Amino acid sequence: MQPLHARYPFFDAAREAVGELGASVPELAASGDPAVERGRERVERALTEGTTAPAEPGRWSDEAELLSYPVARVLVSLLSEEKAVEKYATAEAATAAARFAEDVTGDDDGLRSTTDASVSLPRILDEFDLADSVREERLAGADRNRSSGATDRDWYRVGVEQYLLLTGDWGEGWRLVNRELADGEVRIRRGELYGADGEGLLVEAVRRRVAEGLPFDLGDDRRTALEEALDDPLSALRDLLGERVAVGGIDAVLPSLFPECIDELLTRAESEELDDTESFALLSFLAAIGLDADGAAAFCAETTLGERQVRYAVERLGENRGAQYPPPSCETLSAYGICTNQNGHRERADHPLVLYRERLRETEPAERVDWREREPAQS
Amino acid sequence: MEDRTRNYLRGRFGDYYADAELSVPPVPDAREWGHIPYTESAGTTMVRHRSLLDMGGDAKSIREFLEREAPRHAYFSAARYDDPGARQMAEKGWRGADLVFDLDADHLPGVDEDEASYAEMLSACKDALQRLLDLLRDDFGFANDDLLIVFSGGRGYHVHVRNDALLELDSEARREVVDYLRAVDLDRDDLIRTVSHGGTTRRELKTGGGWGRRVHRELVEFVAELREMDEDDATDELTAFDGIGDGRAGTILDAVERNPGAIRDGNVEAGGPGLRKLVEALTARVIQNETAPIDEPVTTDVRRLIRLPGTLHGGTGFVVKPIAPDDLDAFDPLEDGVADRFRGQRIMVNVTEPGPVDVGAETAMDPGPQSVEEYVGVFLMARGRAEKATE
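Heads up: the protein sequence lines correspond to chains A and B, in order.
Under UniProt numbering, the first residue of the first sequence carries the number 1, and numbering increases by one thereafter.
Under UniProt numbering, the first residue of the second sequence carries the number 1, and numbering increases by one thereafter.
Written as structure tokens, this is what we have:
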């Protein structure tokens with residue numbers, strides 16, 4: 001591998017280098033490879049700071065840096081949240097854009113690489129198959145402008161098809177109608193190739209490359225194996241997501257494993273009326289663990305919650321399971337006096353779903369008797 | 001439409017297809033095919049989701065299918081699919097689509113449908129087509145080889161752009177193209193930018209392309225005309241614009257005289273605020289005269305069916321006629337759109353809706369049974385203005 005691969009792990013050549021190193025993500029996790037910790041950091045900083053660059057640049061070897069990219073992709077896939085994938089891809093792109101700018105801006109106008117780890121603009125364009133559709137503009141007035149020291153001297157021309165494919169919803173200035181389009185090419189400033197603000201054709205090209213194939217389409221077995229192998233970093237990231245915790249994938253109703261605060265709500269609901277916040281906390285939890293309207297209505301049959309109320313709420317919550325109306329975290333619930341850290345359960349996890357997921361994972365599959373598959377009561 | 005009329009049209013459409021020259025699109029096996037048959041009921045039912053295999057298997061069989069079925073209208077998809085015969089759009093597997101533009105007299109600004117004749121509408125549409133082609137060639141850089149220009153057989157023209165680089169554009173990207181061609185959301189103030197030159201700044205038109213370049217061309221031409229005039233006429237010309245009085249007109253003329261090169265370079269500083277007013281006015285003129293009022297959904301809907309060039313339009317009997325770029329100036333849809341198959345013989349029709357007609361030698365039709373050129377008869381019957389009469 002080359003230092004360049006560590007800096008730009010999404011390049012095709014870097015993917016090959018990963019393959020040559022021959023390390024699988026479970027193996028890396030099992031051996032405690034630093035790539036796993038760095039992979040977690042990649043995702044964490046993507047979610048919290050919008051960058052995937054390391055907080056301490058000198059800490060990681062090129063190899064750990066390179067291998068942390070596939071680890072991060074697995075982690076972000078396991079989070080099962082669309083928003084997390086988006087944020088992650090955007091952060092990788094923003095990080096790359098800053099590095100492009102660093103590498104390309106130089107006395108040689110970015111035509112040559114200055115170190116092993118840096119890239120030239122032609123190399124970047126080549127990477128994204130843009131060599132034929134992006135060219136430096138040569139105008140009669142260019143030399144005159146150059147000597148004047150004006151900063152807007154660098155103009156490029158981009159094929160209109162590529163321009164349309166690689167621009168996002170970035171405001172009026174990017175609309176084709178407001179652009180200088182001539183002979184099938186759009187004029188753009190060099191800075192618009194790799195804009196610092198996430199707006200730029202190459203930023204978008206990186207974002208698409210990173211987002212491609214994410215989240216991985218993992219079968220149940222593979223997902224479970226990876227979740228076990230990456231348990232620690234994954235829990236940390238899930239905790240981090242907090243309110244927006246990923247809940248996709250839970251489909252198990254085992255009341256004996258319910259977090260204490262939810263369990264208490266359920267018990268109370270059997271004898272007293274819940275207020276709106278309390279019933280939302282309970283019903284959103286039930287929807288998030290896989291109960292549909294029928295199931296929830298049956299589950300709540302012994303409570304003071306009306307059947308219509310239950311059905312309506314669960315249907316609405318279930319439509320966007322976890323995405324739109326995730327159950328509140330323990331911290332939020334504590335503000336309403338619902339969660340009082342019963343049995344110190346918040347030491348394990350600060351979110352009812354995260355805790356519930358962990359307890360599920362700790363339970364032998366044979367002992368996971370789903371409430372929905374219970375024997376009908378003998379009468 | 002009476003049975004006799006429908007049977008006649010269907011039979012003659014079939015005859016037409018016996019030796020019709022169809023313009024079959026590239027990759028026909030990835031297209032969805034559709035048609036509207038001549039049915040007894042009044043309603044029109046589109047038969048769609050057909051694959052090439054359903055049509056007979058190869059490009060040649062399309063003509064055979066049309067000869068056999070003699071449909072009223074025939075279509076294909078601008079899109080290419082993995083499985084074009086699937087009933088559900090989601091199952092088809094979209095692989096890309098040609099970029100298609102539709103100019104229809106229904107959507108032309110300044111054309112009153114109730115007032116204008118068919119010929120007038122088509123003529124206005126052809127002007128719009130010329131503007132569209134100018135934009136596609138000059139701004140978008142498409143070569144004639146990329147463009148298939150087609151008379152729709154009805155009230156307008158289609159342009160198919162076939163360029164592999166465009167296939168993947170999604171609906172949003174195509175809307176960007178539409179908005180460009182129509183100058184929708186054009187930021188007029190943004191046509192001028194501030195440029196620094198050796199420590200000072202000045203305002204310049206964006207001459208490098210786009211609507212800025214078009215406005216600049218208009219300005220250069222206008223200024224050249226001004227210089228041909230004597231001072232009084234030039235002043236009158238300028239003061240006719242809003243916001244330009246004698247003083248500003250004088251400043252503009254002075255700048256034009258002293259530094260003609262500045263305006264050629266796009267510099268709009270020299271003429272003062274008056275010149276910028278002039279640019280605003282010319283911008284409005286350019287938008288009015290150079291935009292192409294294409295029908296947006298046809299371009300942005302990447303799953304739409306479009307008429308197959310070379311087939312007949314069931315609402316007129318005209319050929320959906322491809323036009324070579326060099327022939328466009330001389331193209332007369334009401335003459336060149338007529339199928340040769342329907343020329344050279346006369347038929348009996350019973351005119352039920354008399355009045356002006358733009359097709360054939362007659363300018364107006366009398367009511368009742370009469371003998372007409374076959375293509376005039378086909379036109380009248382297809383439009384529902386006549387029924388077939390016994391010979």
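Backbone N, C-alpha and C fix where the C-beta goes; we use that ideal spot for every residue, glycine too.
Please read all numbers here as calculations on a predicted model, not as lab measurements.
C-alpha gap between residue i and residue j, whole angstroms
i                 : j                 : result
ILE306 of chain B : GLY247 of chain B : 56 Å
GLU63 of chain A  : VAL186 of chain A : 39 Å
GLY19 of chain A  : GLY171 of chain A : 40 Å
ASP3 of chain B   : ALA173 of chain B : 47 Å
TRP60 of chain A  : GLU86 of chain A  : 25 Å
ILE192 of chain B : GLY245 of chain B : 22 Å
TYR118 of chain B : PHE100 of chain A : 58 Å
ALA205 of chain A : GLU231 of chain B : 56 Å
GLY274 of chain B : LEU238 of chain B : 9 Å
LEU122 of chain B : HIS158 of chain B : 13 Å
PRO71 of chain B  : GLU115 of chain B : 32 Å
THR44 of chain B  : PRO37 of chain B  : 8 Å
GLU67 of chain B  : ARG10 of chain B  : 10 Å
ALA366 of chain A : ALA229 of chain A : 21 Å
GLY310 of chain B : TYR163 of chain A : 34 Å
PRO367 of chain B : MET55 of chain B  : 41 Å
GLU27 of chain A  : THR90 of chain A  : 28 Å
ALA78 of chain B  : ARG175 of chain B : 16 Å
PRO333 of chain B : LYS321 of chain B : 9 Å
LEU121 of chain A : ALA98 of chain A  : 13 Å
Chain B contact for residue i (CB, 8 Å cutoff)
i                 : result
ARG189 of chain A : no
LEU165 of chain A : yes
VAL369 of chain A : no
GLY213 of chain A : no
ALA182 of chain A : yes
LEU176 of chain A : yes
GLU185 of chain A : yes
ARG112 of chain A : Note that ARG112 of chain A scores a pLDDT of 46, beneath 50, so its modelled location is shaky; the value from the coordinates is reported in the next line. Not an interface residue.
GLU172 of chain A : yes
GLU161 of chain A : yes
Rounded Cβ spacing between residue i and residue j (contact assumed at less than 8 Å)
i                 : j                 : result
LEU53 of chain B  : PRO28 of chain B  : Contact doesn't hold; Cβ gap of about 11 Å is too wide.
LEU308 of chain B : VAL351 of chain B : Actually they are not in contact, since the Cβ atoms of LEU308 of chain B and VAL351 of chain B sit about 30 Å apart, beyond 8 Å.
PRO215 of chain A : SER80 of chain A  : 7 Å
ASP350 of chain A : ASP169 of chain A : No, ASP350 of chain A and ASP169 of chain A are not in contact; Cβ-Cβ is about 35 Å, not under 8 Å.
LEU177 of chain A : LEU186 of chain B : Position check: residue 177 of chain A holds Val in this sequence, whereas Leu was assumed. With a Cβ gap of about 5 Å, VAL177 of chain A and LEU186 of chain B count as contacting.
ILE289 of chain A : ILE338 of chain A : 17 Å between Cβ atoms; not a contact.
ASP33 of chain A  : LEU67 of chain A  : 7 Å
LEU282 of chain A : LEU266 of chain A : 6 Å
Close beta carbons around residue i, own chain, < 7 Å, minus the five adjacent residues each side
i                 : result
ALA234 of chain B : LEU226, LEU253
GLY34 of chain B  : MET46, VAL47, ARG48, ARG50, TYR75, LEU305
THR316 of chain B : GLY153, GLY154, PHE379, ALA382, ARG383
ARG190 of chain A : ASP154, TYR156
Chain A contact for residue i (CB, 8 Å cutoff)
i                 : result
ASP179 of chain B : yes
ASP358 of chain B : no
VAL184 of chain B : yes
PHE379 of chain B : no
GLU391 of chain B : no
LEU133 of chain B : no
ASP187 of chain B : yes
ARG217 of chain B : no
ALA173 of chain B : yes
Residue i Cβ short of 7 Å to the ligand PLP heavy atom set
i                 : result
THR224 of chain A : The model on display carries no ligand, and the ligand PLP is accordingly not part of it.
Where residue i falls, given that 16 or more other Cβ within 10 Å makes a residue buried
i                      : result
ARG213 of chain B      : buried
ARG12 of chain B       : buried
residue 435 of chain B : Given that chain B is displayed from residue 1 to residue 391, the structure contains no residue 435 of chain B and the question cannot be resolved.
SER41 of chain B       : exposed
ARG361 of chain A      : exposed
LYS60 of chain B       : exposed
ARG348 of chain A      : exposed
Proximal residues to residue i (C-beta, below 8 Å), its chain only, five neighbours per side dropped
i                 : result
VAL256 of chain B : VAL223, LEU226, ARG227, ILE263, GLY271
TYR375 of chain B : GLY317, VAL338, ALA339, PHE342, ARG343, VAL359, GLY360
Own chain, CB closer than 6 Å to residue i, minus 5 neighbours either side, in chain order
i                 : result
GLY96 of chain B  : ARG80, LEU167, GLU168
ALA296 of chain A : LEU286, VAL310, VAL314
GLU269 of chain B : ARG202, ARG203
VAL357 of chain B : MET365
Residue-chain proximity (residue i, chain C), Cβ-Cβ < 8 Å
i                 : result
GLU176 of chain B : In the structure shown, chain C cannot be found, because the protein chains are A and B.
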